[in-house]
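Using the numbering used here, you'd call the opening residue of the sequence shown number 124 and step up by one each time. Note that beta-carbon positions come from the ideal geometry of N, C-alpha and C, so glycine has one too. Notes follow once the structure below has been shown.
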Amino acid sequence: MATDTQEARNDRRNQLEAKVERNKRTGALSSNARNRQAFVDLARLDITDHLSTTSKPLVGLPPQQVDLSDPTTYASDLGKLRTLAETLMAETWPEISTGIDQSVDSEQAAREIKKQLADHTWCTLLVTLIRGLEQVNQAFKFVSDQGKRLVEEALTANLTGISKTLARVVVGIVVDKVWAALYRLLDAHFPLVGEDSLRVLRILTLFTCPSVEQHPEVYKHAAKPMMEDGLKLISEETKSQLAALFTAWWQRRSPEKNG
124 MATDTQEARN DRRNQLEAKV ERNKRTGALS SNARNRQAFV DLARLDITDH
174 LSTTSKPLVG LPPQQVDLSD PTTYASDLGK LRTLAETLMA ETWPEISTGI
224 DQSVDSEQAA REIKKQLADH TWCTLLVTLI RGLEQVNQAF KFVSDQGKRL
274 VEEALTANLT GISKTLARVV VGIVVDKVWA ALYRLLDAHF PLVGEDSLRV
324 LRILTLFTCP SVEQHPEVYK HAAKPMMEDG LKLISEETKS QLAALFTAWW
374 QRRSPEKNG
């Protein structure tokens, strides 16, 4: 959407706004899952406007390829977003998939594990990276055994329905490949630390999460900071409605846990 036309984004906005439900008598916004999802998508769309207006599309590169040796590849938020998505996620997946195939005794079991990985594993990994990088001033300090253990613990807790032993094996495969990708980024002098890079990691996390209402850490550490970003990535209207909807949701669900 960021590299598409403004007309395409406007069409998408109209589609999303048409999904919003209001009380027929009062006109008040209904506090339901449909509206929460619609306003998360509207926030994402606002962010694509930012990516479009402040970034130039990558010239001469196919959509699924980034050149880490060329700093202009990630000179913009759009470039950083693509670089992180491709390097950490797309390029690591074939080796992760093969590693899982080799670690379980059936094709069906491997398929089920991979389906589980699609359910909050990537956004859990990304939000753990964000939380770690927020607390250090050097990426090398986080991309260490301690940082790796933090991510492994978060991902293992997220994998359910399989034995703890197998979960640790699967998480080990994922984290080893992602950590190798992080070192490649550092070797290429990709700026992992800094407000610009943290903002892009938050964008990627919000775009990756399959259900923000089921993942409070993504709301607190990705969506909420972007609503407060000085660049005004998210419009005031979307921000106020999103905050109202999710505040009500967390209060009903578990205020002592989700805050």
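Residue i - containing alpha helix (DSSP H), residue span
i: glycine 150; result: Unbroken run through glycine 150: none, as it is neither H nor E.
i: valine 143; result: Careful: valine 143 lies outside any alpha helix (DSSP H) and carries neither H nor E.
i: leucine 309; result: 287-310
i: glutamine 239; result: 230-240
i: serine 220; result: 216-226
Cβ-Cβ separation, residue j to residue i (assumed contact under 8 Å), whole Å
i: histidine 243; j: histidine 312; result: Going by Cβ atoms, the distance from histidine 243 to histidine 312 rounds to 31 Å, so no, they are not a contact pair.
i: arginine 205; j: valine 189; result: 6 Å
Cα-Cα separation between residue i and residue j, rounded to whole angstroms
i: alanine 75; j: threonine 361; result: No statement about residue 75 is possible, as the shown extent of the chain runs from 124 to 382 and does not include it.
i: arginine 132; j: valine 250; result: 27 Å
i: proline 333; j: lysine 355; result: 24 Å
i: lysine 142; j: alanine 161; result: 7 Å
i: glycine 295; j: valine 163; result: 31 Å
i: alanine 371; j: leucine 305; result: 37 Å
i: glutamine 374; j: asparagine 155; result: 13 Å
i: isoleucine 170; j: leucine 273; result: 29 Å
i: arginine 376; j: glutamate 336; result: 10 Å
i: proline 314; j: glutamate 359; result: 29 Å
i: histidine 173; j: glutamine 258; result: 26 Å
i: leucine 168; j: arginine 135; result: 8 Å
Under 8 Å between C-beta atoms of residue i and residue j
i: alanine 277; j: threonine 247; result: yes
i: leucine 321; j: alanine 346; result: no
i: leucine 368; j: methionine 350; result: no
i: leucine 324; j: leucine 252; result: yes
i: alanine 125; j: serine 192; result: no
i: alanine 233; j: isoleucine 223; result: yes
i: threonine 215; j: lysine 300; result: yes
i: glutamate 144; j: asparagine 158; result: yes
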